[in-house]
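Asker: First residue of the sequence shown? That's 2 in our numbering, and the numbers climb one at a time after it.
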Amino acid sequence: MKRYSSLYLMMIPIMLYFLIFTYYPLIRGFIMSLQQFRLIGDTPFVGLDNYMKVLKDPVFYDVFLNTIVIGGGILIAGFIAPIVIALLLNEIAQKALKKWIQMVIYLPHLFSWVVIGGIWIFMLSPDGGLVNEVLLALGKESPIPFLSSETYARGVMIASATWKEMGYTCILFLAAIVAINPSLYEAARMDGANRWQLVRYVTLPGLYSTMKVVLLLNMMSVLRMFDQIFIMKNPAIAKYVDVIMVYTYEKGIMEFNMGVATAASFVVIALTFILTMITRLVVRYDN
């Protein structure tokens, strides 16, 4: 402690930041979930009543199903797509072209969901939208209402979320590919390995540690979708795309039922913790 006292002193502001802006609200929120919360007047303790209201609410199970379907789709597509793109980019020999493509696919990550949602709503619009204009030019008789049809709503949410974040994740995989020892490729070529075998037996095993990190981070965000759904949903598809965090928002902000809203939030925290621990065990994250 004495030898590294300066380092510990520098950590104090960071620790205070997390205590004030993370752990205190977390503890305060848990207390609120056990109360009949009011801005003015008493906030009587109701125990687990708020949690029972959440677990007995049929709407909660509907949004939970939507969360699992959409979040699971984003988890799978958002994990596979960046790996495929990173492997393809790694095969590009021209550095200028490679950097340009990286920049193009990374840009969506920098934009907020307000911008991304507007882009996708414009592209998928049945009245002059880019996608429908192309389909009509290819012989489609009538435009497809992508964002007002239950058939396409969840798929659009999965596709747009994957499109937004795959550039960022792709950069992580590219960095891991660069870190692979070149002598491994040389040894494999000397043994007669072709390109596919180089990818299968050298590149993919070299990405395993990065895959574990990306999978764990993606798993932690599966149940916490909000911005995208809030921006892109509409009354026609709300039933099929509303997720748990939208349910929490509506209970807490729209209906001002803060006790039930915080209880739903802690259900999300508990489920996220369970999914994360299962993922850690399955992928042997700590090994």
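Glycine residues also receive a C-beta, built at the ideal position from the N, C-alpha and C atoms.
If you're wondering where the values come from, they're calculated on a predicted model, not measured in any experiment.
To which residues of the same chain is alanine 265 closer than 8 Å at the C-beta, ignoring the five residues directly before and after it?
Answerer: Contacts found: Val55, Phe61, Ile245, Tyr248, Thr249, Lys252.
Asker: What three-state label does DSSP hand glutamine 36 in the structure shown?
Answerer: Here glutamine 36 sits in strand by DSSP.
Asker: Using C-beta distances below 7 Å, list every residue in its chain close to asparagine 258, excluding the 5 sequence neighbours before and after it, in chain order.
Answerer: Lys252.
Asker: Can you list, in chain order, the stretches of the alpha helix (DSSP H) that have 4 or more residues and sit fully within the segment 54–124?
Answerer: You should have 59–91, 96–111, 114–124.
Asker: If contact is defined by three or more beta carbon pairs under 8 Å, each pair taking one atom from either stretch, is the segment 266–273 in contact with the segment 151–166?
Answerer: Judged by Cβ distances under 8 Å, the segment 151–166 makes no contact with the segment 266–273, as fewer than three pairs qualify.
Asker: Would the beta-carbon of phenylalanine 31 fall within 8 Å of that of glycine 260?
Answerer: Not in contact: phenylalanine 31 and glycine 260 (Cβ atoms no closer than 8 Å).
Asker: By how many angstroms is the C-alpha of methionine 255 removed from the C-alpha of glycine 118?
Answerer: Rounded to whole angstroms, glycine 118 to methionine 255 spans 22 Å at the Cα level.
Asker: Between which two residues does the alpha helix (DSSP H) carrying alanine 188 extend?
Answerer: Counting along the chain, the alpha helix (DSSP H) containing alanine 188 begins and ends at 183–191.
Asker: Sorry if obvious, but does the Cβ on threonine 44 come closer than 7 Å to a heavy atom of the ligand MG?
Answerer: With respect to small molecules bound, the structure shown includes none, and the ligand MG cannot be examined in it.
Asker: Using 8 Å as the threshold, is the segment 111–126 in touch with the segment 192–212, meaning 3 or more CB pairs across them?
Answerer: No, the segment 111–126 is not in contact with the segment 192–212.
Asker: Tell me which residue opens and which closes the alpha helix (DSSP H) that isoleucine 230 is part of.
Answerer: Its alpha helix (DSSP H) spans residues 228–233.
Asker: Report the three-state DSSP secondary structure of phenylalanine 46 (helix, strand or coil).
Answerer: Residue state, collapsed to three classes: strand.
Asker: May I have the straight-line CA-CA distance separating leucine 76 from glycine 42, to the nearest angstrom?
Answerer: In a straight line, the C-alpha of leucine 76 is about 44 Å away from that of glycine 42.
Asker: Between the C-alpha atoms of isoleucine 232 and methionine 221, what's the straight-line distance to the nearest angstrom?
Answerer: Going by the C-alpha atoms only, they are around 21 Å apart.
Asker: May I have the straight-line CA-CA distance separating leucine 272 from leucine 224, to the nearest angstrom?
Answerer: Answer to the nearest angstrom: the Cα atoms are 8 Å apart.
Asker: Under the rule that 16 or more other beta-carbon atoms within 10 Å means buried, what is valine 214, buried or exposed?
Answerer: Valine 214 comes out exposed.
Asker: Given a cut-off of 8 Å, decide if isoleucine 145 and asparagine 133 are closer than it, judged by their beta-carbon atoms.
Answerer: In contact: asparagine 133 and isoleucine 145 (Cβ atoms closer than 8 Å).
Asker: Once DSSP output is grouped into helix, strand and coil, what is the label at valine 242?
Answerer: In this structure, valine 242 counts as helix in the three-state DSSP scheme.
Asker: Using the C-alpha atoms, what's the distance from threonine 280 back to leucine 175?
Answerer: Between leucine 175 and threonine 280, the C-alpha separation is close to 23 Å.
Asker: For proline 26, count the other beta carbons within 10 Å of its own beta carbon; 16 or more makes it buried, fewer makes it exposed. Which is it?
Answerer: Label assigned to proline 26: exposed.
Asker: Anyone know if the C-beta pair for glycine 79 and methionine 2 falls short of 8 Å?
Answerer: Going by C-beta atoms, glycine 79 is not nearer than 8 Å to methionine 2.
Asker: Let me confirm a value: glycine 72 is counted as buried when at least 16 other C-beta atoms fall within 10 Å, else exposed. Which label applies?
Answerer: That one is buried.
Asker: With a threshold of 16 other CB atoms inside 10 Å of the CB of tyrosine 52, please say whether the residue is buried or exposed.
Answerer: Tyrosine 52 should be labelled buried.
Asker: Using the C-alpha atoms, what's the distance from leucine 20 back to tyrosine 9?
Answerer: In a straight line, the C-alpha of tyrosine 9 is about 16 Å away from that of leucine 20.
Asker: How far does the alpha helix (DSSP H) with phenylalanine 267 in it extend, from its first residue to its last?
Answerer: 259–284 is the span of the alpha helix (DSSP H), which, as asked, contains phenylalanine 267.
Asker: Ends of the alpha helix (DSSP H) at tyrosine 18?
Answerer: Looking at the DSSP string, the run of the alpha helix (DSSP H) that includes tyrosine 18 is 6–19.
Asker: Quick one: what does DSSP say methionine 2 is sitting in, helix, strand or coil?
Answerer: Coil.
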